[in-house]
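Note sheet for the following structure.
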Amino acid sequence: MTRGALAALLISAAAASPAAADELEITGNISAETRLFPFEPIHKGQRRHLASLYGEVEYYQEWTDSGDSLTIKPFYRYDSSDPRRTHFDLREAFWLKVMDVEELGRFEFRTGVDKVFWGVTESIHLVDIINQTDLVEYPDREEKLGQPMLQLSVARDWGTVDLFVLTGFRERTFPGRSGRLRSALVVNTDTPQYESGAEDRHIDFAARYSHAIDELDFGLSWFRGTSRDPALLPGRDRGGGLVLIPFYQQIDQGGIDAQYTTGPWLLKFEGLYREGQLNRSGKEQRYWASVAGFEYTFFGIFGSNMDLGVLAEHIFDSRDEEANTFFFGNAAFAGVRWTANDPQDTELLFGYLQDVNTPGKNFFVEASRRFGDSWTLSLEAQIVSGTASDSFLADLRRDDYIQLGWTYSF
Amino acid sequence: MLSKDLRPLNRPAFGLFGLAVAALALTAPVGASTPEQIGLEIATEADRRDTGFGDYVVEDMKMVLRNRQGQESSRELQIKIFEVLDDGDKNLIVFDRPRDIKGTALLTFAHKVGDDDQWLYLPAVKRVKRISSSNKSGSFVGSEFAYEDLTSQEIEKYTYKYLRDESLDGLDCFVVERYPVYENSGYTRQVVWWDKAEYRVMKVDYYDRKGDLLKTLTYHGYQQYLDQYWRADKMVMVNHLTGKSTDLFWNNYVFRTGLSERDFNRNSLKRAK
Numbered sequence: 001m002t003r004g005a006l007a008a009l010l011i012s013a014a015a016a017s018p019a020a021a022d023e024l025e026i027t028g029n030i031s032a033e034t035r036l037f038p039f040e041p042i043h044k045g046q047r048r049h050l051a052s053l054y055g056e057v058e059y060y061q062e063w064t065d066s067g068d069s070l071t072i073k074p075f076y077r078y079d080s081s082d083p084r085r086t087h088f089d090l091r092e093a094f095w096l097k098v099m100d101v102e103e104l105g106r107f108e109f110r111t112g113v114d115k116v117f118w119g120v121t122e123s124i125h126l127v128d129i130i131n132q133t134d135l136v137e138y139p140d141r142e143e144k145l146g147q148p149m150l151q152l153s154v155a156r157d158w159g160t161v162d163l164f165v166l167t168g169f170r171e172r173t174f175p176g177r178s179g180r181l182r183s184a185l186v187v188n189t190d191t192p193q194y195e196s197g198a199e200d201r202h203i204d205f206a207a208r209y210s211h212a213i214d215e216l217d218f219g220l221s222w223f224r225g226t227s228r229d230p231a232l233l234p235g236r237d238r239g240g241g242l243v244l245i246p247f248y249q250q251i252d253q254g255g256i257d258a259q260y261t262t263g264p265w266l267l268k269f270e271g272l273y274r275e276g277q278l279n280r281s282g283k284e285q286r287y288w289a290s291v292a293g294f295e296y297t298f299f300g301i302f303g304s305n306m307d308l309g310v311l312a313e314h315i316f317d318s319r320d321e322e323a324n325t326f327f328f329g330n331a332a333f334a335g336v337r338w339t340a341n342d343p344q345d346t347e348l349l350f351g352y353l354q355d356v357n358t359p360g361k362n363f364f365v366e367a368s369r370r371f372g373d374s375w376t377l378s379l380e381a382q383i384v385s386g387t388a389s390d391s392f393l394a395d396l397r398r399d400d401y402i403q404l405g406w407t408y409s410f
Numbered sequence: 001m002l003s004k005d006l007r008p009l010n011r012p013a014f015g016l017f018g019l020a021v022a023a024l025a026l027t028a029p030v031g032a033s034t035p036e037q038i039g040l041e042i043a044t045e046a047d048r049r050d051t052g053f054g055d056y057v058v059e060d061m062k063m064v065l066r067n068r069q070g071q072e073s074s075r076e077l078q079i080k081i082f083e084v085l086d087d088g089d090k091n092l093i094v095f096d097r098p099r100d101i102k103g104t105a106l107l108t109f110a111h112k113v114g115d116d117d118q119w120l121y122l123p124a125v126k127r128v129k130r131i132s133s134s135n136k137s138g139s140f141v142g143s144e145f146a147y148e149d150l151t152s153q154e155i156e157k158y159t160y161k162y163l164r165d166e167s168l169d170g171l172d173c174f175v176v177e178r179y180p181v182y183e184n185s186g187y188t189r190q191v192v193w194w195d196k197a198e199y200r201v202m203k204v205d206y207y208d209r210k211g212d213l214l215k216t217l218t219y220h221g222y223q224q225y226l227d228q229y230w231r232a233d234k235m236v237m238v239n240h241l242t243g244k245s246t247d248l249f250w251n252n253y254v255f256r257t258g259l260s261e262r263d264f265n266r267n268s269l270k271r272a273k
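As you go down the protein sequences, you meet chains A and B in turn.
Following this note's numbering, the numbering of the first sequence begins with 1 at its first residue and continues without gaps.
Following this note's numbering, the numbering of the second sequence begins with 1 at its first residue and continues without gaps.
Next comes the structure, spelled out in structure tokens:
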């Protein structure tokens, strides 16, 4: 959290009514996790396995009469193999004020650190841009760092408008020298470069309009500020060794996301247009990208309570081979989601991502099941194969892994 | 999600329908009334008596799932219901336990005709997902209740046929058969026991697609709120095929809490705790 956001949070906390809290809750979870890599690593210093302990606690306090609430959610992970994966983050720490303005609708003000998700698709989250990826957590990029912000949200009959002032930038986390799932050259996170002279104090702006009309849910979004995706430029660290230096540029991005829900079908689309981002060759290139697909669910298969969902999505990037994503500009995704609908909430998701123009592919499996009231067992596996030598995936070709986790929730 | 199955009020039925039904109840059907017309009249009267509650909140709901061996697991949740007069009701459900799904919330706009609209909120990723609601016969969170058992019970969702009068645990009841007209129901028919005095649903037998008795739902501990609206403290669903059962406890009903439509949108879903 930046000093500015902290000050804003404290000021709004001080200004709030001193009345006793109506509700105070402390909840959270703690997990033990182990990850095994069956293949010898390619890069020096990397390990064959890791063990990790992590957890988060949520403190929530609400003053119903005044419409105020405070949420604080710190996260910490200890990791045995990579010191960079041992890290702390304030995932959330915000003050929320809800106010009805009779004619104008219901206003929500958030001040502090929060997480915001935009989008509908499963294989990639294109339009989602508010929060930085906490990449050391998992390679699927689903974990995010807390973002300091001021947010105003108004819900009306004709839709919802969200306005964001993003006060302070979060750098992406990257695995260190001993970590797996990294590029051949380690990303040096000590000396990030910025296009803006304000560096990580640059203030970004974002806006979103979203609405649901019958079967259609859609959102239009716009972002101006520091790109969450750094270009990785070759450079030297302080000792003169070759490293990659993250370079964060100023970008403009427009986004659209939509889902049409009919019967067992979910039809999904996300598209973005971005200016100001370096491509793979290190040139600034405007581009657009899209992901379109569906999810179809067979409910109650074989006369049971079990559901089977089939997912397919196509990912396109107009930069084609100049796309600096982990696959090239054209990829297809297929997945199967099995939900047991049993008292233990047993779930299994299988995914397959294929680069259309190269043999590069990625398989993954995620499964989880609750035991008793408080314990959850989770399993995850990743396989990368068929990687061309010039692909980003080539560095990960020996990083297949299987991971087991035990979580206690309270 | 609350069944309007738990409808009825205590006022003597002075309405036209009420008189007609009361007369029918005491005597053989009069004139041109067919069993279908009588069945519809009973359902309509039950619905009329439960109209106008506005909104209510049940802070402490508990679901106890029991398998054939008697092993139990439970869920704790909260529900907010907002009455929509010209369509199905809106409701918001938030899970509190088990803790790994705490904060998971479900927003439903029920419709008299066609699929409901449903959004699911996943707190870990702060994501709102519009989900398919065509899965009417599917289990609600692993329980013996299907989504269609719990959604807003609108008159238009069934056709009816009055079967007989019968005493159930000492209460005089109408026994009415009803047939789902919406798509993807898991049932061919349901048999409903409404008590004659208050038009409260006392029991429902559910028959599966093969026509066999699948489940029985019973209502317990009815209490009256706002001098009009009857709500049960406990509902028990027994599955005759699997031997599993689910007890659903409704503790602390609060009516007319001042909720508005603004409390039932995607923003309020994200804020639900």
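For glycine and all other residues, C-beta sits at the position ideal for the given N, C-alpha and C.
When DSSP states are grouped into helix, strand and coil, D55 of chain B belongs to the strand group. Within the same chain, and ignoring the five residues on either side of K157 of chain B in sequence, the residues whose Cβ sits closer than 8 Å to its Cβ are K112, P180, V181, Y182. In this structure, A155 of chain A sits near N265 of chain B, with a CB-CB distance shorter than 8 Å. For a cut-off of 8 Å, the C-beta gap from S409 of chain A to D100 of chain B is around 4 Å, short enough to register as a contact. Among the residues facing chain B, L266 of chain A is included, as its CB has a counterpart in that chain under 8 Å away.
Distance from the CA atom of P234 of chain A to the CA atom of L185 of chain A, rounded to whole angstroms, is 8 Å. Segment contact: the segment 64-83 of chain A against the segment 217-231 of chain B, fewer than three CB-CB distances shorter than 8 Å; contact not assigned. Apart from sequence neighbours up to five positions away, the residues of its chain that approach E295 of chain A with a beta-carbon distance below 6 Å are L266, G309, L311, ordered along the chain.
Residue-level contact by beta carbon holds for N265 of chain B and chain A, with a gap shorter than 8 Å.
For N91 of chain B, the pairing in a beta bridge is given by DSSP as B:I81, B:T108. Under the Cβ criterion (8 Å, minimum of three pairs), the segment 143-154 of chain A does not count as touching the segment 227-243 of chain A. When Cβ-Cβ separations below 8 Å define contact, S81 of chain A makes no contact with chain B. Cβ proximity to chain B below 8 Å picks out T297, F299, G300, N305 from the segment 290-306 of chain A.
S123 of chain A sits close to L353 of chain A, with the two beta carbons spaced by under 8 Å. Around the Cβ of H220 of chain B, a 10 Å sphere holds fewer than 16 other Cβ atoms; the residue is exposed. Taken residue by residue, none of the segment 234-248 of chain B has a beta-carbon sitting less than 7 Å from a beta-carbon on chain A. Excluding residues up to 5 positions away in sequence, Q344, T346, L377 lie with their Cβ nearer than 6 Å to the Cβ of R369 of chain A in the same chain. Per DSSP, the unbroken beta strand (DSSP E) holding E177 of chain B starts and ends at 171-180. For F371 of chain A against Q382 of chain A, the beta-carbon gap comes to about 24 Å, at or over 8 Å, which does not count as contact. Secondary structure of Q223 of chain B (DSSP, three-state): strand. For A231 of chain A, the pairing in a beta bridge is given by DSSP as A:F247. Taking CB atoms only, R99 of chain B has a neighbour in chain A less than 8 Å away.
DSSP places N251 of chain B outside any alpha helix (DSSP H); the residue lies instead in the beta strand (DSSP E), whose first and last residues are 245-255.
For D342 of chain A, the nearest CB of chain B lies under 8 Å from its own CB, placing it at the interface with that chain. By the criterion of at least three beta-carbon pairs nearer than 8 Å, the segment 217-226 of chain A is not in contact with the segment 77-88 of chain A.
In the same chain as N279 of chain A, and ignoring 5 residues on each side of it, the C-beta atoms closer than 8 Å to its own belong to Q285, Y287, R319, E322, A323, N324, in chain order. Against chain B, a Cβ distance below 7 Å from Q403 of chain A picks out nothing, because the smallest value is about 17 Å. Annotated as proximal: Y253 of chain B and V58 of chain B, with beta-carbon spacing under 8 Å. When 7 Å is used as the limit between beta carbons, Y60 of chain A is near these residues of chain B: K273, in chain order.
K270 of chain B sits in a helix when the DSSP states are folded into three classes. Ranking B:G243, B:D165, B:Q224 by CA distance to the CA of Q71 of chain B puts B:G243 first.
With 16 or more other Cβ atoms inside 10 Å of its own Cβ, K102 of chain B counts as buried.
Listed in chain order, the positions of the segment 121-154 of chain A with a beta carbon within less than 8 Å of a beta carbon of chain B are E142, S153.
Contact between E275 of chain A and D257 of chain A does not hold, since their C-beta atoms are separated by about 19 Å, which reaches or exceeds 8 Å. Using a Cβ-Cβ cut-off of 7 Å, T27 of chain A is close to R99, K102 of chain B, given in chain order. Judged by DSSP in its simplified three-state form, Y138 of chain A adopts coil rather than helix or strand.
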